[in-house]
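Taking it in order: structure first as structure tokens, then the write-up.
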Amino acid sequence: MRMLNPVHPGRFLRTEIIEAHDLSVTGAAKVLRVSRPALSSLLNARADLSGDMALRFEKAFGVDMDTLMRMQNSYDIARTRSREKKIRVERYRPRPAA
Numbered sequence: 081m082r083m084l085n086p087v088h089p090g091r092f093l094r095t096e097i098i099e100a101h102d103l104s105v106t107g108a109a110k111v112l113r114v115s116r117p118a119l120s121s122l123l124n125a126r127a128d129l130s131g132d133m134a135l136r137f138e139k140a141f142g143v144d145m146d147t148l149m150r151m152q153n154s155y156d157i158a159r160t161r162s163r164e165k166k167i168r169v170e171r172y173r174p175r176p177a178a
């Protein structure tokens with residue numbers, strides 16, 4: 081079953097982890113040992129969640145990496161499906177053997 085509007089994992093991480101722990105983006109970046117701009121881009125849905133970043137959240141906050149990566153995958157699929165009509169490809173039909 082497809083999710084119609086899956087949330088970007090960065091938005092989830094912002095509300096459920098960063099804000100829930102009363103952390104600033106700068107403070108969270110220090111905990112995760114990443115740059116503030118990289119984390120800010122993720123949390124504001126301007127960047128995709130990488131496997132490396134998902135693992136950092138798992139290690140620091142106990143959020144399952146697999147769940148986060150599935151969220152990113154669902155978000156990517158929905159974003160691509162929304163552009164489906166713009167992608168012009170016809171079904172491949174093999175030619176009969178001579």
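Quick note: the sequence shown uses my numbering, first residue 81, plus one each step.
Think of the CB as a built atom: it goes at the ideal place given N, C-alpha and C, for glycine as much as any other residue.
Item                                                                                                 : Value
Unbroken stretches of the alpha helix (DSSP H), 4 residues or longer, contained in the region 90-147 : 105-112, 116-123, 131-141
Arg173 to Lys165 span [Cα, whole Å]                                                                  : 20 Å
For Ser162, the three-state DSSP class (helix, strand or coil)                                       : coil
Best match in Ala118, Phe141, Ala140 for proximity to Ser130 [C-alpha to C-alpha]                    : Ala118
Selected residue, minimal CA-CA separation from Met151, among Thr106, Leu103, Pro89                  : Pro89
Whether Thr106 touches Arg94 by CB criterion (8 Å)                                                   : no
Inter-residue Cα distance where the pair is Arg136 and Arg159                                        : 25 Å
Three-state secondary structure (DSSP) of Tyr155                                                     : helix
Cβ neighbour criterion (16 or more within 10 Å) applied to Ile157                                    : exposed
Environment of Leu84 [buried if 16+ CB atoms lie within 10 Å]                                        : exposed
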